[in-house]
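To keep things clear, I will list the structure first and then write my remarks on it.
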Amino acid sequence: MEKLTAKEEEIMNLFWKYGALCVREIVEMYEEPKPHFNTISTMVRALEEKGYVGHRQQGKSYQYYALIAEEEMGKQSLSAIIGRYFKNSYKRVVSSFVEDGNIPIEELRSLLDEVEKQNRNNNKND
């Protein structure tokens with residue numbers, strides 16, 4: 001999927017938090033000075049063109065809703081970062097966090113235990 005701008009991501013966060021919204025409702029959520037209705041409408045339509053948002057008619061206007069879950073978006077973003085900065089190597093990512101002290105060894109061991117347990121459970125279900 002096409003990458004989002006910061007403003008588009010801001011709007012997606014509103015859909016994930018509140019569910020389906022009309023453009024008017026999105027505008028009302030902003031503090032003063034509020035963005036112009038047409039500005040928000042253009043961004044929402046761009047999100048729709050990119051495949052992130054769908055719509056349904058509600059009276060004379062449209063109600064827009066997220067087509068992609070926030071968690072899925074996070075996974076896609078993480079995969080893009082790992083591909084771009086770590087040459088698709090998850091080992092490099094984890095090594096980087098361990099070397100920088102962002103993941104204590106105990107936490108890494110716990111994570112490995114969880115992964116091994118998950119793999120054992122998946123193999124039992126096959």
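Numbering (the working numbering), first residue to last: 1 to 126.
Don't be surprised by glycine CBs; every beta carbon is placed ideally from N, CA and C.
Remember, it's a predicted structure, so these values are computed and weren't measured experimentally.
Opposite residue 54 in the DSSP bridges: which residues?
For the purposes of this step, residue 54 is taken as residue 54 along the sequence shown, with counting starting at 1. For residue 54, which the question treats as bridged, DSSP gives the partners 65.
In this structure, does DSSP put residue 111 in helix, strand or coil?
Stepping through the sequence shown from its first residue, residue 111 is reached at position 111. In this structure, residue 111 counts as helix in the three-state DSSP scheme.
Indicate the three-state DSSP secondary structure (helix, strand or coil) for residue 174 in the structure shown.
Residue 174 lies beyond the range of the chain shown here (1 to 126); nothing can be said about it.
In the DSSP assignment, what residue or residues form a beta bridge with residue 21?
Taking the sequence shown and counting its residues from 1, one reaches residue 21 at position 21. Answer by DSSP bridge pairing, in chain order: 64.
By a C-beta neighbour count over all protein chains shown, 10 Å radius and 16 as the cutoff for buried, is residue 127 buried or exposed?
Any question about residue 127 goes unanswered here, given that the chain covers just 1 to 126.
How many angstroms separate the CA atom of residue 46 from the CA atom of residue 111?
Counting from one through the sequence shown, the residue named residue 46 turns up at place 46. Counting from one through the sequence shown, the residue named residue 111 turns up at place 111. Roughly 39 angstroms separates the two Cα atoms.
Residue 38: first and last residue of the uninterrupted alpha helix (DSSP H) it sits in
Position 38 of the sequence shown, counted from the first residue, corresponds to residue 38. Run containing residue 38: 37-49, per the alpha helix (DSSP H) assignment.
Considering Cα atoms alone, identify which of 102, 32 and 64 is closest to residue 206.
A query on residue 206 cannot be resolved here, the shown segment of the chain reaching from 1 to 126 and no further.
Please report the distance separating the alpha-carbon of residue 142 from that of residue 57.
Residue coverage of the chain in this structure runs from 1 to 126, which leaves residue 142 outside it and unanswerable.
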